[in-house]
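J.: Dropping a structure here in structure tokens format, bear with me for questions.
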Amino acid sequence: MHNPFLVANRIYMRRLEKEDLEGNYFQWLNDQTITKWMRHGAFPNSPESMNAFYENLSGSKTDIVLAIVLKEQDRHIGNIGLHSINYVFRSAEIGLIIGETDCWGKGYAAEAFSAIADYSFKKLNLNRIAAGVVDENIGSIRALEKTGYKKEGILRQAYFCDGQYHDCVNLSLLHSDWLAGRAHESI
């Protein structure tokens with residue numbers, strides 16, 4: 001493992017490094033299959049935009065983005081981030097990309113969501129993590145729900161993908177829900 005920050009069962013998360021921008025991560029953000037349900041896919045990705053993103057992230061006190069790496073292969077398969085961290089309201093928004101399509105549907109997203117939730121509640125003292133997901137992105141919704149996220153509501157026609165408007169499903173995980181879920185698992 002190369003500089004692990006958070007460790008889960010089959011994956012670990014580490015700081016996003018400059019070298020990651022030149023690897024598969026750059027290609028993921030230009031692949032319409034991968035970005036179909038993301039805000040990133042609307043415009044072509046460029047080295048300049050990746051570098052600006054990295055520089056903004058490096059100095060940010062309200063955003064944390066970590067690389068998701070498979071332990072066995074030491075392979076970068078995606079990223080997970082906490083965004084708009086508000087230390088007064090003790091809340092944040094979560095985002096995730098699994099860019100390696102051969103890793104879709106294998107539970108890596110749920111592992112990453114779980115590890116960062118644990119970190120968010122225990123280390124950052126957050127109370128609420130929110131997610132917004134396009135209604136047809138069933139895999140992400142299932143991964144969030146598996147982690148304990150609960151549906152809160154729908155933003156009607158909030159996304160425009162493939163020539164159609166789609167609803168956004170809002171989900172959240174509260175610290176109290178997380179603790180209740182952990183207590184239930186230990187029984």
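When we follow full-length UniProt numbering, the leftmost residue of the sequence shown carries the number 1, and every step to the right adds one.
Backbone N, C-alpha and C define an ideal beta-carbon position, used for all residues, glycine too.
Being a predicted model, the structure only gives us computed values, none of them experimental.
Can you tell me where the beta strand (DSSP E) holding Lys151 begins and where it ends?
T.: Here the question's residue 151 lines up with position 151 in the sequence shown. Lys150 to Cys161 is the extent of the beta strand (DSSP E) around Lys151.
J.: Are there 16 or more other CB atoms within 10 angstroms of the CB of Ile154, so buried, or fewer, so exposed?
T.: Along the sequence shown, one-based indexing puts residue 154 at 154. Exposed.
J.: Tell me whether the segment 29-36 and the segment 143-157 touch, counting them as touching only if at least three CB pairs, one residue from each stretch, are closer than 8 Å.
T.: no
J.: Looking at the unbroken beta strand (DSSP E) that takes in Gly132, where does it start and where does it end?
T.: In the sequence shown, residue 132 corresponds to position 132, counting from 1. Arg128 to Val134 is the extent of the beta strand (DSSP E) around Gly132.
J.: From which residue to which residue does the beta strand (DSSP E) around Gly81 run?
T.: Numbered from its first residue, the sequence shown carries residue 81 at position 81. Unbroken beta strand (DSSP E) run through Gly81: Arg75 to Asn86.
J.: Kindly indicate which three-state DSSP category Asn170 falls into: helix, strand or coil?
T.: Translated into positions along the sequence shown, residue 170 becomes position 170. The three-state reading of DSSP puts Asn170 in strand, counting E and B together.
J.: Any chance you could list the alpha helix (DSSP H) runs of at least 4 consecutive residues sitting entirely within the segment 93-129, in chain order?
T.: The qualifying runs are 108-122.
J.: Where Met13 and Leu96 are concerned, what is the direct C-alpha to C-alpha distance, given to the nearest angstrom?
T.: Position 13 of the sequence shown holds residue 13. Position 96 of the sequence shown holds residue 96. Spanning the two alpha carbons is a distance of roughly 12 Å.
J.: Pop quiz: Tyr54 and Leu21 are said to be a contact at Cβ under 8 Å. What is the actual Cβ separation, rounded to whole angstroms?
T.: Your numbering for residue 54 matches position 54 in the sequence shown. Your numbering for residue 21 matches position 21 in the sequence shown. The Cβ separation is near 6 Å, so the contact holds.
J.: Give the straight-line distance between the Cα atoms of Lys122 and His175, rounded to the nearest whole angstrom.
T.: Your numbering for residue 122 matches position 122 in the sequence shown. Your numbering for residue 175 matches position 175 in the sequence shown. Pairing Lys122 with His175, the inter-Cα distance amounts to about 9 Å.
J.: Just how far apart, CA to CA, sit Asp167 and Ala110?
T.: Within the sequence shown, residue 167 is the residue found at index 167, counting from 1. Within the sequence shown, residue 110 is the residue found at index 110, counting from 1. Rounded to the nearest angstrom, the two C-alpha atoms are 22 Å apart.
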